[in-house]
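>
In my numbering, the protein residues as written are 1 to 266.
(1) Can you tell me where the alpha helix (DSSP H) holding residue 220 begins and where it ends?
(2) Going by the beta-carbon positions, is the gap between residue 209 and residue 39 smaller than 8 Å?
(3) Under three-state DSSP, which class holds residue 148?
(4) May I have the straight-line CA-CA distance separating residue 231 from residue 57, to the nearest angstrom?
(5) With burial defined as no fewer than 16 other Cβ atoms inside 10 Å of the residue's Cβ, what is the status of residue 17: buried or exposed?
(6) Taking the Cβ atom as the reference point for each residue, do residue 225 and residue 25 lie within a distance shorter than 8 Å?
(7) For residue 76, count the other beta carbons within 10 Å of its own beta carbon; 16 or more makes it buried, fewer makes it exposed. Which is it?
(8) On a Cα-Cα basis, can you pick out the residue from 191, 50, 202, 172 that is closest to residue 240?
(9) Is DSSP giving residue 97 helix, strand or coil here?
(10) Buried or exposed for residue 245, going by 16 or more other Cβ atoms inside 10 Å?
(11) Mapping DSSP to helix, strand and coil, what is residue 12?
(12) Taking buried to mean at least 16 other C-beta atoms within 10 Å of its own C-beta, is residue 212 buried or exposed?
(13) Examine the Cβ distances between the stretch 157-167 and the stretch 252-259 and report whether three or more of them are shorter than 8 Å.
(14) In three-state DSSP terms, what is residue 177?
(15) Check whether the stretch 189-198 touches the stretch 58-73, counting contact only when three or more Cβ pairs, one atom from each stretch, lie closer than 8 Å.
(16) Below 8 Å on the Cβ atoms is my guess for residue 31 versus residue 166; work out the distance and round it to an integer in Å.
(17) Please classify residue 206 as buried or exposed, where buried requires at least 16 neighbouring CB atoms within 10 angstroms.
(18) Taking only three categories from DSSP, how would you classify residue 54?
(19) Nearest to residue 220 by CA position, among 142, 130, 47, is which residue?
This is the structure we're talking about:
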């Protein structure tokens with residue numbers, strides 16, 4: 001069980017920063033493997049996505065943007081938030097265009113034979129991967145920063161990120177598999193995301209020791225912007241398509257869980 005002092009005690013080490021970033025991010029890799037093994041239906045995946053949507057909204061509201069505002073002020077928080085939001089949109093557009101080009105190519109190794117539903121599922125699944133990277137990297141950097149003398153985030157961020165990553169990995173793993181991506185490639189992509197996030201936490205711990213609070217706040221708000229964009233562009237539409245009105249119920253449960261985590265572990 002986490003206690004509030006794991007991120008508030010001064011004098012944390014580089015190992016602490018990287019270990020807890022790993023603990024927050026590795027559930028996405030494990031859940032992707034579970035998704036590949038069990039291959040839940042799109043409807044089941046949608047329930048997990050709805051749960052994730054609620055958790056992510058609570059995470060960005062209480063543990064990211066609010067903390068960025070507290071540390072860096074309103075303009076730092078807003079600039080970081082919008083930077084993360086637009087970065088996700090641009091990255092998602094680039095990957096989508098690459099996918100369309102590959103689909104139209106005669107030498108794309110079978111990708112051109114995907115049905116429209118398979119192509120759409122691949123786009124959504126890759127959007128989840130992009131979102132996990134774009135918000136996971138600054139989230140991990142925030143975890144690294146939290147082990148410095150002036151902690152920024154608490155155990156609630158570590159736990160909330162870990163829990164929210166589970167449905168993302170599960171849904172994307174199954175979705176990419178159904179769209180024809182190999183098991184090895186799927187796990188390799190997610191492993192790469194985890195490794196980059198862990199290294200980002202270590203880098204932040206080393207490089208941000210003397211950084212002004214504005215930079216620390218910007219990084220944390222940037223994560224919130226990435227979370228917001230991914231939630232509204234990839235998570236909610238895909239979940240609603242399968243479960244309609246249940247989205248509000250399951251999303252509300254996810255929000256309540258993350259809200260409790262945020263306040264019980266602060």
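The beta-carbon is built from N, C-alpha and C at its ideal position, and this holds for glycine as well.
Taking the coordinates as given:
(1) Where residue 220 is concerned, the enclosing alpha helix (DSSP H) stretches over 213-230.
(2) Not in contact: residue 209 and residue 39 (Cβ atoms no closer than 8 Å).
(3) Residue state, collapsed to three classes: coil.
(4) About 8 Å.
(5) It counts as buried.
(6) With a cutoff of 8 Å on beta-carbon distance, residue 225 and residue 25 are scored as not near each other.
(7) That one is buried.
(8) Closest in C-alpha terms to residue 240, from the list 191, 50, 202, 172, comes 50.
(9) Correct three-state label for residue 97: helix.
(10) It counts as exposed.
(11) Judged by DSSP in its simplified three-state form, residue 12 adopts coil rather than helix or strand.
(12) Label assigned to residue 212: exposed.
(13) Yes, since at least three Cβ pairs between the stretch 157-167 and the stretch 252-259 fall closer than 8 Å, the two stretches touch.
(14) Residue 177 falls in the helix class under three-state DSSP.
(15) They do not touch, by the three-pair rule.
(16) Between residue 166 and residue 31 the Cβ distance is about 5 Å, and since that is below 8 Å, they are a contact.
(17) Looking at its Cβ environment, which holds fewer than 16 other Cβ atoms inside 10 Å, residue 206 is exposed.
(18) Helix, per DSSP.
(19) Comparing Cα-Cα distances from residue 220 to each of 142, 130, 47, the minimum goes to 142.
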